[in-house]
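Residue numbers (the numbering used here): 1 to 247. Heads up, the beta-carbon is just placed ideally off N, CA and C, and yes, glycines get one too. Report on one structure; see the data block that follows.
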């Protein structure tokens, strides 16, 4: 993948991160970059994970929505009220005022309607193929667990901040367990970034196409330095900037 290739070039140029992290599927790329998960194995697992998640919920029965301008605690309350015996819960805790929810389609629609009455700036349904990172994905988690049980991952050379706990992971076994649990648990991205800031991290590099994570970081902490690598030109630019930052 682009993110893995970019991370490898940075490593070859002498840029060694103090930590790695990846959002949802990106956690696999992060573990490849950390030297814990072989690329070929990551590709195989990602393919299996996608298959299992698609098959966990019939098409049309699940949904996801983005709620903007509303606190996570309020989102939790809304989800509890909207559930009515179904599943709806936070799936991505991305940044202050940006929470993605997932669950049964009808429950997600009810939560969106409630959010607009509780002061959300925006609440919109997302065009996704399945309700990721919620309890409806438990069957997918159980299937992926069998594939992960066959692995014996070495400890990452670079500590990982995982999605499911927003905690520092230093062992291959713990990293593997995190990959399993994150299938049906929320991505705690804001907590992960705040943890890294508390650990003293000042400079972040987003590798791979797009600028979503850079945008989230700016919402979380405007004082953090953030660079993006998505092509050769941006790679050369970031290498020059990191050279001046670390000099």
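query	result
Between 214, 133, 230, which has its C-alpha nearest residue 264's C-alpha?	Past the boundaries of the shown model lies residue 264; the chain is included only from 1 to 247, so the question cannot be answered.
When the Cβ atoms of the segment 156-174 are set against those of the segment 27-38, are three or more pairs found closer than 8 Å?	yes
By how many angstroms is the C-alpha of residue 189 removed from the C-alpha of residue 227?	18 Å
Between which two residues does the alpha helix (DSSP H) carrying residue 47 extend?	39-56
Counting Cβ pairs, one atom from each stretch, are 3 or more of them under 8 Å apart for the segment 122-136 and the segment 54-65?	yes
Are there 16 or more other CB atoms within 10 angstroms of the CB of residue 141, so buried, or fewer, so exposed?	buried
From residue 101 to residue 114, what does the alpha carbon distance come to, in whole angstroms?	13 Å
In this structure, what does DSSP give as the bridge partners for residue 98?	68, 95
Residue 27: buried (16+ other C-beta within 10 angstroms of its C-beta) or exposed?	buried
With distances taken between CB atoms, is the gap from residue 69 to residue 136 smaller than 8 Å?	no
Using the rule of at least 16 other Cβ atoms within 10 Å of the residue's Cβ for burial, across every protein chain shown, is residue 205 buried or exposed?	buried
Here's the rule I'm using: 16 or more other beta-carbon atoms within 10 Å means buried, otherwise exposed. How should residue 22 be labelled?	buried
Below 8 Å between beta carbons: does that hold for residue 83 and residue 123?	no
So, is residue 16 buried or exposed, given that buried needs 16 or more other C-beta atoms within 10 angstroms?	exposed
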